[in-house]
Structures are given as structure tokens and as C-alpha cells.
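Enquirer: Mind looking over this structure? Questions follow.
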Amino acid sequence: MPVSPFDKPVYRFAPSPNGPLHLGHALSALLNHDMAMEAEGHFLLRIEDIDLARCTPEFEQGIYRDLAWLGVAWETPARRQSDHFSSYEAALDRLRDMDLVYPAFMTRGEVRAQVRAFETDGKIWPRDPDGAPLYPPEDKHRSRAERQAFIAEGKPHAFRLDMEKALQHIRLPLVWTETGDSHQRELPADPSEWGDVVLSRSDAPSSYHLSVVVDDAAQGVTHVVRGLDLFASTAVHRLLQELLQLPSPFYHHHRLILGEDGRKLSKSAGSTGLATLRGNGFMLGDVRRLVGL
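Sequential numbering of the sequence shown, starting at 1, is according to the numbering used here.
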């Protein structure tokens, strides 16, 4: 069992208040809550509001209303990421001290242009498991003086993990324990597939990858239950846990709820929110049936 300040298993639901919750969130919240209750464990809520530009108090209040309607009760207080920016900065500083972080100055447009130019001759630029092109190596090889000059002139930048160096700091092979599909097994983790991942941006003090491992450790989470869309990301999370000497929880990746177009539900696509279903007279039993519980 992973190390935890609690005496029983700890589960968590961690939504972002950047839009209304939909049936995909309902599946994750209910499954986490059901598993916690079955294990006589703890169920925690984390508000992942690190994106201050998109997250709003109104959406956060909507999360509380939706969870109450689903009959999901959490231990208070809920952890709010915006209250813990210093924790993420401290983790980033530890990685800086290990010389594993570098400032990256290329915009998304510049990356796309470089990839297009490279692929005009029929060559294939490497891509991560989500299909995005890996970040070019130029910034990683800049001199310290050049980096400092760019930062001094106010050039926007992110901080990225030097994947090659990071892998040299840990003992391989890297694995995680997966409990999905109703049986427990160890799976290999290959974070190199993601290239030099972002750890923080000028408009956000931490990336999802960095904040999630810091938060899970801080909350003593022993079981991470989340959608299959985050399955491949677990390799990056395991790497960061090893680098930061954080405990590794069990992972359980559940099926996704798909829309009529065959794609997973999402806030950005305007998938029907739980508040709309509630307003249309749906009951908890209807929701559990719709998500297969």
C-alpha cells in the first residue's frame, strides 16, 4: 500500500472549474466514491483551478451542486490548487536544482511551422501519445547567457523537463500498478514518448503533470481512479514521482463516456452538463444507468 497519512485507502475526484460537469465526470466521481465506500476508505475532492484564466467561482459552485445531486459526499475542506502555488514552485525548484529544467521560448505556431517544414520531404516528426509533435531541441541546447538574455527582455517562455537527463536520474525499468479491467498488474512506463513535457508556463504556475503528483502526495492519495484518456500520462507522473521522491499510488483507468460522434465528452465541445440533465427531470438512478453503474 502506498504511504499515506490516513489509516485507510484514499480516493479523490479532481475536476477543473472551467465548465459544467458532464456524464464523463459523473462516471469518474461516482466510481471513485463507490470504490472508497466499498473499501471503507476516504473520498477527497480537489478543485484543479490552476488555470486562472478559465476557471471561475461560478463553475466551482456548480461542481458542488452537481456532486450533491449525485449523492457524493467528500471530506472537507476540498483542496484548491490556487491555494498551493508555492508547493508547485518548490517542486519545480527541486527539479531545477537537479539541472533537469530549461526555459522553452518557441510558440506553438513556431513549433507547427518547424514541423511542417521538416515533413515536406516525407519525413515524420515524432509525436507524443496524444498525437502532438514533440518539442524541438533548440531551446534545450541554448547557453545560459542566451537564456538569461531572452528572459531579461521579457520573452514569453515555459519551463520544460529535459527528458533525456531526467531518465538518467532514476532506476529503470519504471512501472506502475494498474487495477483497471478488474485485475491488478504492473505495467511498464515509458515517459520518453512524451518528450520534454511542460512543467509550468508564464500564464500558469504549474502544469497538470507537475501539480497532480504534488497534490496526490500532499493529500495522501493511495488510489487514482480516472479516465483512459490519461492512461499514457501515467508514465510522466511516475517519472516525476521518482524524481521528487513522492509515493506512487495505485492507478485505475476507467472507460470513457462517448458522445454520438464517438468522441469522449468534453466541456470544450459543449457536451450536455449535469445541471441541464437535472433541470430536465433526470434523477440519480437515470445518471447511474446512463454511465453504466
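By construction, the Cβ of each residue, glycine as well, lies at the ideal position given by its N, Cα and C atoms. Note that the coordinates shown come from a computational prediction; the quantities given were computed from them, not determined experimentally.
Thinking C-alpha only, which one of D196, G220, S182 and H157 is nearest A204?
Expert: Indexing the sequence shown from 1 puts residue 204 at position 204. If we check each option's Cα against that of A204, H157 comes out closest.
Enquirer: Can we say the stretch 190–203 touches the stretch 160–175, given the rule of at least three CB pairs closer than 8 Å?
Expert: Result yes; three or more Cβ-Cβ pairs closer than 8 Å.
Enquirer: Any beta carbon from chain C within less than 8 Å of H25's own beta carbon?
Expert: Going by chain labels, chain C is absent from the structure shown, which holds only one protein chain.
Enquirer: Any chance you could list the alpha helix (DSSP H) runs of at least 4 consecutive residues sitting entirely within the stretch 110–166, in chain order?
Expert: Runs of the alpha helix (DSSP H) inside the stretch 110–166: 144–152.
Enquirer: Could you tell me how far apart the beta carbons of W176 and S248 are, in whole angstroms, since I believe they sit closer than 8 Å?
Expert: Translated into positions along the sequence shown, residue 176 becomes position 176. Translated into positions along the sequence shown, residue 248 becomes position 248. Right, the Cβ-Cβ distance comes to about 6 Å (below 8 Å), so this counts as a contact.
Enquirer: Grab the span of the alpha helix (DSSP H) containing R96 for me, first residue to last.
Expert: In the sequence shown, residue 96 corresponds to position 96, counting from 1. Taken as a continuous stretch (DSSP letters only), the alpha helix (DSSP H) holding R96 covers F85 to D97.
Enquirer: Please confirm whether S16 and H254 have their CB atoms less than 8 Å apart.
Expert: Here residue 16 refers to the residue found at position 16 when the sequence shown is read from its first residue. Here residue 254 refers to the residue found at position 254 when the sequence shown is read from its first residue. No; because the gap between Cβ atoms is not below 8 Å, this pair is not in contact.
Enquirer: Beta-carbon within less than 7 Å of Q148's beta-carbon, same chain only, minus the 5 sequence neighbours each way: which residues are those?
Expert: Residue numbering aside, residue 148 sits at position 148 when the sequence shown is read from its first letter. Excluding residues within five positions, none has a Cβ falling inside 7 Å.
Enquirer: Between the Cα of I63 and those of D83, M35, G19 and G24, spot the shortest distance and give me the residue it belongs to.
Expert: Here residue 63 is taken as the residue at index 63 of the sequence shown, counted from 1. The option with the nearest alpha carbon to I63 is G19.
Enquirer: For S200, which of helix, strand or coil comes out of DSSP?
Expert: In the sequence shown, the residue the question calls residue 200 occupies position 200. Strand.
Enquirer: Which full runs of the beta strand (DSSP E) of 3+ residues lie inside the stretch 23–66, going along the chain?
Expert: Entirely contained in the stretch 23–66, the beta strand (DSSP E) runs reaching 3 residues are, in chain order, 42–47.
Enquirer: Could you give the distance in angstroms between the alpha-carbon of G195 and the alpha-carbon of W125?
Expert: Mapped onto the sequence shown, residue 195 falls at position 195. Mapped onto the sequence shown, residue 125 falls at position 125. About 12 Å.
Enquirer: My parser needs the beta strand (DSSP E) runs of 3 or more residues fully inside the stretch 225–281; what are they?
Expert: Here the runs fully enclosed are 250–254.
Enquirer: Alpha carbon to alpha carbon, how far is L277 from H42? Give it in angstroms, no decimals.
Expert: In the sequence shown, residue 42 corresponds to position 42, counting from 1. In the sequence shown, residue 277 corresponds to position 277, counting from 1. Their backbone Cα atoms lie some 28 Å apart in a straight line.
Enquirer: Expressed to the nearest angstrom, what Euclidean distance is found between the alpha-carbon atoms of E146 and K140?
Expert: Locating residue 146 in the sequence shown gives position 146, where the first residue counts as 1. Locating residue 140 in the sequence shown gives position 140, where the first residue counts as 1. In a straight line, the C-alpha of E146 is about 11 Å away from that of K140.
Enquirer: What are the boundary residues of the alpha helix (DSSP H) that includes A218?
Expert: One-based indexing of the sequence shown puts residue 218 at position 218. Note, A218: alpha helix (DSSP H), Y208 to A218.
Enquirer: Could you check which residue in D121, E58, K155 and E89 has the C-alpha nearest to that of A104?
Expert: What you label residue 104 is simply residue 104 of the sequence shown in a count that begins at 1. Considering only alpha carbons, the answer is K155.
Enquirer: Could you tell me the alpha carbon to alpha carbon distance between L44 and A232, rounded to whole angstroms?
Expert: Position 44 of the sequence shown holds residue 44. Position 232 of the sequence shown holds residue 232. Their backbone Cα atoms lie some 24 Å apart in a straight line.
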